[in-house]
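Chains as they are written, first to last, in this note's numbering: chain A, 1 to 341; chain B, 342 to 576.
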Amino acid sequence: MRPATWPRPEPERERLLVVDASAGKLVDRNVGELPSLLGPGDVLVVNDAATLPASLAGVTARGEALEARLAGLEGDRARAVLFGAGSWRAPTERRAPPPALAPGDELDFDGLAARVETLESERLVSLRFGESGARLYRALYARGRPVQYSYVAGSYRLWHVQTRFAARPWAVEMPSAGRPLTFGVLTALRRRGVAIASLTHAAGLSSTGDGALDASLPLPERYEIPARTRDLVRSAERVIAVGTSVVRALEASRLEHGELRAGAGEARLRLDASFSPAIVSGLLTGVHEPGTSHFDLLESFAPRAVLERAFAHSEASGYLGHELGDSWLVLAARARGARAA
Amino acid sequence: MQLRDKVVMVTGASRGLGEALAHELARAGATVVAVARDERELSRVVDAIRAEGGKAHALGADVGDKEAILPLAGAAQALVGPVDVLIHNASTLGPTPLRLLLDTDCEDFERVLSVNLVGPFRLTKAIAGAMAVRGGGLVIQLSSDASVNAYPGWGAYSVSKAALDHLGRIFAAELDSMGVRFLSLDPGEMDTVMHREAIPDADPSTLARPAAVAQRIVQLIRASDFANGARLEVA
């Protein structure tokens, strides 16, 4: 599938394929028509994480160049995936490996110091920055660039990777399913009687270029669910998640507590074909290729045959892929009865 | 609105009404994110709030600078969580002594609009969207009687404040269904550095003290008894 290579000026005119699992039906719509597809009893849950500029160019004490992509940041500690010299313009799988490092090594990101604390693999390390609090964020925003991949046509600016409802910068890649949701669409959904709710989920890196490491993604990611969102989800007839990060947060809370609870947690679950969501019964998502973990996850919402037909249709009809691309609205065979969750 | 443990961002918090508001909001139990260009003055304000037992963070930024807005919103919310109340208090008069519009350089006019109007638009855009999906929030624009009266010499400032009031009204009309509220407040004439720059020969004894105005604003926020998009005189 061709990727979208740059943000398009009118998100509401981007394409939206409705994948209705119960009828096995596919309907071509656009994002601006989303309000006509949902109604009273539905709650749409978005991930309000802002996107940190999580790619840092630096050097080791020996002067070797490297790029660190933060996979998550809490306090002054971060997990990071390292690459050798080069930039996002090279596909991640062709990037040079990072210089050999050992715990205690000092890295310099243009004046922002970090110490390697542990090495989980050649590429995955834990770092501790030499700054904290407001000074650390100032340094990160001054030096960091958005994480991006080689299919994008130009260098992202910070505003290219924010949704319109971003708050805390917990994500290191844009929670992109929410990207095409304009306030024109969200306020129209409200007028239709659809409830809108948010949670914050620290969406991590989608690719590292290292097969073994990619297979372990996503790493544990923190989330926080507001009390209002818990209440709206519990009383809804149908819960539509905007992006897999929202599915992950809601279902992780349920699995941990036996019910959906408000508050902070860490999502460790892996969503795949065998996973059965109990809360979420619909998913607004980007278009993903068969064989990817995202695609496998959709099988918990619709039969594989329907999904494969949806993908073939999308490809034949010119839908665009990746984070700037078109969308699917996958509706499960039946509402799961969030009230029971 | 109860302010205890709410996150309130105040721009222009290094002096004058902004400084007084930061103090008063912290006394009401809010966590204050104080924003201004002058980081030394800002640190002084935040240190004083903390010495009183209040919760405050200093973030240096120029709200008239496009590049500063997302880093400011991101750093603030990384440190203290989603913003519940945003107060657009920072503003500039433009060059003083004040001058007639035909004597105002276009660049100076643009700079006044950047700080007083476009900056608040950008910062609201960066923060109020998350308020809307969370189901509520409050955005306050500090206005002036120059926004409704045409005083010779106050051109750029006046125009920016009139537009800022209307910015709040339109945001209110658009986001009312999502629970985000907007309020423009005219604080009246106060004994501040800005007032001295505008009217050097004013008699300070006739001017309100910023601390008293800040107390009144905090009362108005607590009472929250206003129509969405309203413009109120504080005095």
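C-beta: ideal position from N, C-alpha, C; glycine also.
What you are looking at is a predicted structure, and each value in this text was computed from that prediction instead of being measured.
For Lys-502 of chain B, the enclosing alpha helix (DSSP H) stretches over residues 496-516. If you compare the alpha carbons of A:Trp-170, A:Gly-184 and A:Gly-211 with that of Arg-222 of chain A, the shortest gap goes to A:Trp-170. DSSP, reduced to helix, strand and coil, places Tyr-223 of chain A within a strand of the structure shown. In the structure shown, Ile-540 of chain B adopts coil according to DSSP, grouped into three states.
Distance from Val-374 of chain B to Val-426 of chain B at the Cβ level is roughly 10 Å; contact not present, criterion being Cβ atoms closer than 8 Å. For His-364 of chain B and Lys-502 of chain B, the gap between their C-alpha atoms comes out near 24 Å.
Annotation: Gly-265 of chain A has no Cβ neighbours in chain B at a cutoff of 8 Å; minimum Cβ distance is about 16 Å.
The beta-carbon separation of Arg-128 of chain A and Glu-117 of chain A, rounded to 5 Å, stays under the 8 Å limit for a contact. When only Cα atoms are considered, Ala-267 of chain A and Ile-225 of chain A end up about 12 Å apart. Contact annotation: Leu-205 of chain A and Val-172 of chain A have beta-carbon atoms nearer than 8 Å.
For Ala-431 of chain B, same chain residues with a beta-carbon under 6 Å away, outside a window of 5 residues either side, are Thr-352, Gly-353 and Val-404 in chain order. Shown here, Gln-482 of chain B sits in a strand according to DSSP, grouped into three states.
Gly-415 of chain B: member of the alpha helix (DSSP H) spanning 410-421, first to last residue. Taking 8 Å as the cut-off, the Cβ atoms of Val-46 of chain A and Leu-181 of chain A count as close.
As DSSP reads the structure, Pro-3 of chain A sits in a beta bridge with A:Gly-321.
At least one beta carbon of chain A lies nearer than 8 Å to the beta carbon of Pro-412 of chain B. Here the alpha carbons of Ala-139 of chain A and Asp-388 of chain B stand approximately 22 Å from one another.
Beyond the five residues adjoining it in sequence on each side, Ala-539 of chain B comes within less than 7 Å, by CB distance, of Leu-434, Thr-437 and Leu-439 in the same chain, given in chain order. Following the DSSP letters along the chain, one finds Met-472 of chain B inside the alpha helix (DSSP H) bounded by residues 460-475. Contact of Ser-198 of chain A with chain B is assigned, a C-beta pair being separated by under 8 Å. Scanning chain B for C-beta atoms nearer than 8 Å to the C-beta of Thr-187 of chain A yields Glu-515, Leu-516, Ser-518 and Met-519, reported in chain order. Judged by DSSP in its simplified three-state form, Ser-384 of chain B adopts helix. Chain order gives the chain B residues near Phe-165 of chain A as Gly-470, Ala-471, Ala-473 and Val-474, where near means a beta carbon separation below 8 Å.
Rounded to the nearest angstrom, the gap between the Cα atoms of Pro-103 of chain A and Ala-416 of chain B is 29 Å. Where Thr-372 of chain B is concerned, the enclosing beta strand (DSSP E) starts and stops at 372-377. For Leu-420 of chain B, at least one C-beta of chain A is nearer than 8 Å to its own C-beta. Taken in chain order, the whole beta strand (DSSP E) runs of length 3 or more contained in the region 76-127 of chain A are 77-83, 106-109 and 112-119.
Among the residues facing chain B, Val-116 of chain A is not included, as its CB has no counterpart in that chain under 8 Å away.
By the beta-carbon neighbour count (other beta carbons within 10 angstroms, threshold 16), His-257 of chain A is exposed.
For His-398 of chain B, the uninterrupted beta strand (DSSP E) segment begins and ends at 396-401. For a cut-off of 8 Å, the C-beta gap from Ser-455 of chain B to Gln-482 of chain B is around 16 Å, too long to register as a contact.
One finds nothing in chain B with a Cβ atom closer than 8 Å to the Cβ of Val-239 of chain A; even the nearest lies about 15 Å away. The beta strand (DSSP E) runs lying completely inside the region 133-213 of chain A and spanning 3 residues or more are 195-201, given in chain order. In the assembly as shown, Ile-511 of chain B is an exposed residue. Its beta-carbon has fewer than 16 other beta-carbons within 10 Å.
When CB distances to chain A are screened at a threshold of 8 Å, the residues of the region 377-399 of chain B falling below it are His-398 and Ala-399, in chain order.
With three or more CB-CB distances shorter than 8 Å, the region 89-109 of chain A counts as touching the region 56-67 of chain A.
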